[in-house]
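Residue numbers (our numbering): 719 to 1069.
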């Protein structure tokens, strides 16, 4: 089976660097914090084009602490796109605010700035740069949080806001060997606030204070994950180049009935997503041919049971996209022969 992702094969690309880095951490005895985590903070922030990075134990926590650093809390509303992973809205609910689901553009599953339901309680907007595609937004009257979970390796990395959140889940273009995340900021005071929020609000040894009214918690990336990420970071430009080459082949060689999405030159190619008729039949046909596919995402966030009761705008564009979208394998461990097989399997289907 040609898989959507292959973390084990990716590890083999950088195995020596990963294993030597992890062994060095284990021998050092510095498993939480320490110089490896500090180096990861600096280098990862720089790779995204921001001044400061504060590591967290997941991308979801990165969103939570980005919102807390902005002072978002109970009584506030935060606009989120209708097409995204649940964590985007879940993070808003976790800080006590209400996620307001907004429709996406008709050409791409990104926030449509012309229909943003900004109201008197709107405290922030989360711009999700989905699949690695930049989500440009004009100047807005409320802060924007960049959800960069799928953007590692974009050149340059997209940016619309004043604070960013990153996930390093293992299948991302830059993935750890477990959960890990990062909050990005250019503001030194915000960096200090984030460091406190992610360490129980500790202002000095055993003195714990609220930050923007919030009580901090424990959300730190361990040194083993930092070492893994540093090793993979060195390989990131090469793997993005491979992904872009595969995407170029798909662009050129997929049948005409497969609708390609517009793609910015800086796209990180976390996913290669198309729109197709008779999607479920096509998926079944591809599976029979040994090609795994995925749907990102099956429905608008407005349909999620956990979000019942929260406000949302109509999402016709999101509904249409979710009914037709399909992701094809595009990871850097695919061989040319496997790409040929994907193309042949799609071409053999009669829509």
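Here a beta-carbon is modelled for each residue, glycine too, at the ideal position from N, C-alpha and C.
Item to check | Assumed close pair residue 876, residue 847 - CB separation to whole angstroms, cut-off 8 Å | outcome: For the purposes of this step, residue 876 is taken as residue 158 along the chain shown, with counting starting at 1. For the purposes of this step, residue 847 is taken as residue 129 along the chain shown, with counting starting at 1. Rounded, the Cβ-Cβ distance is 5 Å, consistent with contact.
Next on the checklist: Looking only at its chain, what residues have a beta carbon closer than 7 Å to the beta carbon of residue 740, apart from the 5 residues adjacent to it on each side?
Outcome noted: Counting from 1 along the chain shown, the entry for residue 740 is found at position 22. Hits under 7 Å: 942, 945 and 946.
Checklist entry - Grouping DSSP H, G and I as helix and E and B as strand, with all else coil, what is residue 864? => result The residue labelled residue 864 in the question sits at position 146 within the chain shown. Note: residue 864 maps to strand in three-state DSSP.
Checklist entry - Using CA coordinates, which residue listed in 842, 972 and 774 is at the minimum distance from residue 807? => result Numbered from its first residue, the chain shown carries residue 807 at position 89. It is 842.
Item to check | Cβ distance (whole Å) where residue 814 is taken to contact residue 792 below 8 Å | outcome: Along the chain shown, read from residue 1 onward, the residue named residue 814 stands at position 96. Along the chain shown, read from residue 1 onward, the residue named residue 792 stands at position 74. Right, their Cβ atoms sit about 4 Å apart.
Next on the checklist: I'd like to check one pair, residue 835 with residue 857: are the Cβ atoms closer than 8 Å?
Outcome noted: If you number the chain shown from 1, residue 857 lands on position 139. If you number the chain shown from 1, residue 835 lands on position 117. No. Outside cutoff.
Checklist entry - Can you check whether the CB of residue 1054 is closer than 8 Å to the CB of residue 1007? => result The residue you call residue 1007 lines up with position 289 of the chain shown. The residue you call residue 1054 lines up with position 336 of the chain shown. Cβ distance not < 8 Å, so residue 1007 and residue 1054 don't count as in contact.
Item to check | Distance, residue 1019 Cα to residue 951 Cα | outcome: The count along the chain shown starts at 1 and reaches residue 951 at position 233. The count along the chain shown starts at 1 and reaches residue 1019 at position 301. Cα-Cα distance, rounded: 32 Å.
Checklist entry - Helix, strand or coil: which one does DSSP assign to residue 968? => result Counted from its first residue, the chain shown places residue 968 at position 250. Residue state, collapsed to three classes: helix.
Checklist entry - Under 8 Å between the Cβ atoms of residue 991 and residue 1014? => result Working through the chain shown from its first residue, we reach residue 991 at position 273. Working through the chain shown from its first residue, we reach residue 1014 at position 296. Yes, the Cβ-Cβ distance between residue 991 and residue 1014 is below 8 Å.
Item to check | Span separating the alpha-carbon of residue 967 from that of residue 722 | outcome: Position 249 of the chain shown, counted from the first residue, corresponds to residue 967. Position 4 of the chain shown, counted from the first residue, corresponds to residue 722. Between residue 967 and residue 722, the C-alpha separation is close to 17 Å.
Next on the checklist: Since residue 878 and residue 845 should fall inside the 8 Å C-beta cutoff, what is the C-beta to C-beta distance between them, to a whole number of angstroms?
Outcome noted: Against the chain shown, residue 878 aligns to sequence position 160. Against the chain shown, residue 845 aligns to sequence position 127. Rounded, the Cβ-Cβ distance is 5 Å, consistent with contact.
Next on the checklist: Looking only at its chain, what residues have a beta carbon closer than 6 Å to the beta carbon of residue 789, apart from the 5 residues adjacent to it on each side?
Outcome noted: Residue numbering aside, residue 789 sits at position 71 when the chain shown is read from its first letter. These residues qualify, in order along the chain: 930.
Next on the checklist: Under DSSP, the beta strand (DSSP E) around residue 770 begins and ends at which residues?
Outcome noted: Residue 770 sits at position 52 when you count from the first residue of the chain shown. 770 to 774 is the extent of the beta strand (DSSP E) around residue 770.
Checklist entry - Once you ignore the five residues that flank residue 823 on each side, which residues in its own chain have a CB closer than 6 Å to its CB? => result As a working mapping, residue 823 is identified with position 105 in the chain shown. So the qualifying residues of the chain are 830.
Next on the checklist: Can you tell me whether residue 843 is helix, strand or coil according to DSSP?
Outcome noted: Indexing the chain shown from 1 puts residue 843 at position 125. Reduced to three states, the DSSP call for residue 843 is strand.
Item to check | DSSP bridge partner residues for residue 985 (one or two, in chain order) | outcome: Sequence index remark: in the chain shown, residue 985 carries index 267 (1-based). According to DSSP, which records beta bridges pairwise, residue 985 is partnered with nothing at all.
Item to check | Other residues of its chain near residue 982: CB distance less than 7 Å, five sequence neighbours each side excluded | outcome: Counting from 1 along the chain shown, the entry for residue 982 is found at position 264. The residues are 851 and 852.
Next on the checklist: DSSP has residue 920 in a bridge; who is on the other side?
Outcome noted: To locate residue 920, count along the chain shown from 1; it is residue 202. DSSP lists 926 as partners of residue 920.
Checklist entry - For residue 738, is the classification buried or exposed, using 16 other Cβ atoms within 10 angstroms of its Cβ as the cut-off for buried? => result Along the chain shown, read from residue 1 onward, the residue named residue 738 stands at position 20. Result: exposed.
Next on the checklist: Considering Cα atoms alone, identify which of 1027, 995 and 765 is closest to residue 874.
Outcome noted: Here residue 874 refers to the residue found at position 156 of the chain shown. Residue 874 has its Cα closest to that of 765, out of 1027, 995 and 765.
Next on the checklist: Using a Cβ distance threshold of 8 Å, determine whether the stretch 954 to 966 contacts the stretch 795 to 809, with at least three qualifying pairs required.
Outcome noted: no
Checklist entry - For the stretch 882 to 960, which segments carrying the alpha helix (DSSP H) assignment without a break, of at least 4 residues, lie completely within its bounds, in sequence order? => result 906 to 915
Checklist entry - Does the pairing of the stretch 896 to 914 with the stretch 766 to 784 give three or more beta-carbon distances under 8 Å? => result yes
Item to check | Nearest candidate by alpha-carbon position, reference residue 747, set 896, 866, 940 and 719 | outcome: Here residue 747 refers to the residue found at position 29 of the chain shown. Comparing Cα-Cα distances from residue 747 to each of 896, 866, 940 and 719, the minimum goes to 940.
Item to check | Per-residue burial, residue 887 [other beta carbons within 10 Å of its own, 16 or more giving buried] | outcome: Residue 887 sits at position 169 when you count from the first residue of the chain shown. The residue in question, residue 887, is buried, as its Cβ has 16 or more Cβ neighbours within 10 Å.
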